[in-house]
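Residue numbers (this note's numbering): 22 to 224. All C-beta atoms in this analysis are idealised placements derived from N, C-alpha and C, irrespective of residue type, glycine included. Model, not experiment: these values are computed from the prediction. A short worksheet on the structure shown next.
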Amino acid sequence: MSKNRPDIKNLAVNLSWHVKDEDNHSHYEIDSAAFLLTMNGKTRDDQGFVFYNNPAGGNGAIHHSVDHDRGGEQITIDLAHLPQDICRIAFSITIHSAETKGQNFGQIDKVRVAVCNRDTQEVLLQYEVSEQFMVETALVPAELYLHNGAWKFNAIGSGFKGGLEALCNNFGIEVEPDNAAVAPEPLIVNLSKISLLKIGGWY
């Protein structure tokens, strides 16, 4: 991407999806996240995990937000200000409390990733996950990675069991279990141990 378009410094990664059961659409709580990874495939600290309860990371170079216009979520990236040791950015989509509710990505389709030039809104590339899932509750649809000084796009489309907690553990983030007895404060992020707990309709 950046080799052919060195003028592009600011990206907007739009992630969207569709719940097949439209009558019960509101019962599905789906979220996206970005993991900022070093050469060892792990985050260097909790700021390398950007999601609804920690919406900025990478020294302020990456921001997560809800994309109301497109019905999904957006992750913006300032390539010029990323920490120098970050060489991969993996994007994920997960279903909150999927195991408890009996939900999985077999009930979700039209998972799309669109990478745009944030300055001009030009769509640089789009990818729709075509794989079929039956029991998976977390999905890594794509990633950006640095190779020979240029940022490239990799379409992955891999599903995982265990939801966001399993992905966090895989990428080196310690999380508290999704358990209502863990933490009483819904909007406080403890960056030494990030909570995935949802309380009273808020994260």
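Q | Spatially closest choice to Q147 from E164, V156, G180, by CA coordinates | A | E164
Q.
On the CB-based measure, 16 or more other CB atoms within 10 Å of its CB, does H102 come out buried or exposed?
A. exposed
**Q.** C-alpha distance - V161 paired with A82, whole-angstrom precision
**A.** 21 Å
Q. Which whole runs of the beta strand (DSSP E) in the segment 65-139 are 3 residues long or more, in chain order?
A. 83-88, 93-99, 109-116, 129-138
Q) Would you say H48 and V71 are within 8 Å of each other, going by their C-beta atoms? A) no
Q) Just the Cα atoms here: how many angstroms apart are N80 and G92? A) 27 Å
Q. Which word fits T121, buried or exposed, when buried means at least 16 other C-beta atoms lie within 10 angstroms of its C-beta?
A. exposed
Q. In terms of alpha-carbon separation, which member of D130, Y73, L145, F181 lies closest to S151?
A. D130
(Q) Just to confirm before moving on: does the CB-CB distance between N125 and E157 stay below 8 Å? (A) yes
Q: Measure the alpha-carbon distance for H117 versus F181 and round it to whole angstroms.
A: 14 Å
Q: State the start and end residues of the unbroken alpha helix (DSSP H) segment that holds G184.
A: 184-191
Q. Which two residues bound the contiguous beta strand (DSSP E) that contains Y148?
A. 144-149
**Q.** Terminal residues of the beta strand (DSSP E) in which S37 lies
**A.** 31-40
Q: Return helix, strand or coil for S53, following the three-state DSSP convention.
A: strand
Q. Do you know offhand how far D88's Cα is from N35's?
A. 8 Å
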